[in-house]
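Residue numbers (this note's numbering): -12 to 450. In this text, a Cβ means the ideal position worked out from N, Cα and C, and glycines have one as well. Down below is the structure, laid out as structure tokens.
Structure representation (structure tokens):
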């Protein structure tokens, strides 16, 4: 309707303008001619004049309509282009002046259309890259209002982009330190970085970096905040720190003992055969303990880096359990512990090589015997289930306190450190078991009641 009104208004204005321009010279000619015409001929002259005016007005009206229609089409093209709509390029069959104007508009339309296409492609690439980033990205204008939020930032800030656009950061997350960082960047124009815990009920630690953004004219345009979840990095650093501390402690203890006895022997104890023999026996025990510790560390490192490839072959669980029984029955008999093995017949091979499988079983069964008092029992069973092959080692030993169960498979973790060292343990056996079992796609679980015994359940998949 508005287009029609605009077209009609333009048409009448053009008609009126051309009519006035035509009327003035025509009226002058009429008045001039009336002076030379006989009075009786004035009626005919008037009729001719009126007819000419009417005919001219009609021609002008039709011509003005065509011109108005052409101009209106051009206006519509420009308006659609400004709105980003698809523009239909019309044929140019007008007068030379209008044809030139139409050609210029068509060329402009093509150029703008190409630029819009390029901008859309660039925007699509930008959104794809931004959406695939694991880091959270938040954009702010010069007033600190949010203008951009990618998917990762939505998850980190627990907010949807459409709900927070135009809001201040403090309206989205009430964390004073984070808001202070943004305000400082907006005020000083300098980047700043900190590590923060965004939510008190979550353990994630984020590395937050806020960088000011400058326009091409070197005017301040806002800021960009990048959120990087460094929780796993910090956890690994903590594990590494604890590991180094534990290794240092485990190495220092036997070395201190060896050094002390060597100094005692040097000070004269070597001349007393019985004392010297006892000291040398202790030195030998501590040396063997160091050797076991180093071997376990090297093996654990090899398993974690997958240099040994223990999962490339399958082996017989029945054969491995028979070897374990032959190896550890003497130890059980020596401690007066009843040990039994119940293995289902015709078990399928399991995805662990013979040596890794035997080590898993030896570590678990030997621990069960070590931590079971005289007169106790150790039971080893192996059966096929829907999960795979399940091996259970059940003992009636001293058990594990409830608070220690989550950490029992950690490197160097001991429930009773003194008792473990007394029995010659390195604190790495269960960690090796866990890595070997999980490396072939299985899992190991433990249940225990302190003072009543423990059950270790190993599930090996059938690949």
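For residue 240, the secondary structure class from DSSP, reduced to helix, strand or coil, is helix.
Within the same chain, Cβ atoms closer than 7 angstroms to the Cβ of residue 370 are found at 331, 377, the five residues on either side in sequence being excluded. Ranked by Cα distance from residue 334, the first of 308, 312, 433, 139 is 308. The criterion of a C-beta distance shorter than 9 angstroms is satisfied by residue 401 and residue 414. Residue burial annotation: residue 427 is buried, with at least 16 other C-beta atoms found within 10 angstroms of its C-beta.
By the neighbour-count criterion, in which 16 or more other beta carbons inside 10 Å mark a residue as buried, residue 358 falls on the buried side.
In the assembly as shown, residue 181 is an exposed residue. Its beta-carbon has fewer than 16 other beta-carbons within 10 Å. The DSSP-derived three-state label of residue 383 is coil.
Across the structure, residue 446 and residue 306 are spaced so that their CA atoms are roughly 17 angstroms apart. About 4 angstroms separates the beta carbons of residue 375 and residue 448, which is inside the 8 angstroms limit, making them a contact pair. Going by beta carbons, residue 423 and residue 310 fall outside the 9 angstroms limit.
Taken through DSSP and simplified to helix, strand or coil, residue 311 comes out as helix. Excluding five sequence positions before and after residue 251, the CB atoms of its chain that fall closer than 8 angstroms to its own CB belong to 266, given in chain order. Comparing C-alpha distances from residue 236 to each of 320, 196, 201, 280 shows the shortest one belongs to 280. For a cut-off of 8 angstroms, the C-beta gap from residue 349 to residue 367 is around 11 angstroms, too long to register as a contact.
By the criterion of at least three beta-carbon pairs nearer than 8 angstroms, the stretch 436 to 445 is not in contact with the stretch 268 to 275.
For residue 214, DSSP records a beta bridge to 123, 195. For residue 354, the enclosing alpha helix (DSSP H) stretches over residues 341 to 357.
Taking C-beta atoms under 8 angstroms as the contact rule, residue 209 and residue 200 qualify, at a distance of about 5 angstroms.
In its chain, beyond the 5 residues on either side, 137, 139 have a beta carbon closer than 8 angstroms to the beta carbon of residue 120. Just measuring C-alpha positions, the residue of 123, 164, 128 sitting nearest residue 145 is 123. The secondary-structure analysis by DSSP pairs residue 209 across a beta bridge with 200. Taking the CA atoms as reference points, residue 141 sits about 59 angstroms from residue 246. Listed as beta-bridge partners of residue 436 by DSSP are 440. CA-to-CA, the gap between residue 87 and residue 112 works out to about 38 angstroms. Within the model, the alpha-carbon separation for residue 231 versus residue 398 is close to 11 angstroms. Put simply, the backbone Cα of residue 196 is about 41 angstroms away from that of residue 420.
With distances taken between CA atoms, residue 213 lies nearest to 165 out of 103, 444, 165, 226. Around the CB of residue 103, fewer than 16 other CB atoms lie within 10 Å, so the residue is classed as exposed.
For residue 211, the closest C-alpha among the options 444, 133, 107 is that of 133. Exclusion of the five residues before and after residue 172 leaves 178, 179, 197, 198, 199, 210 as the residues of its chain whose Cβ lies within less than 8 angstroms of its Cβ.
Looking at the DSSP output, residue 278 bridges to nothing.
In the DSSP assignment, residue 371 falls within the unbroken beta strand (DSSP E) covering 364 to 371. For the pair residue 273 and residue 242, the CB atoms are nearer than the 9 angstroms cut-off. Rounded to the nearest whole angstrom, the C-alpha separation of residue 319 and residue 364 is 9 angstroms. The three-state secondary structure of residue 334, taken from DSSP, is coil.
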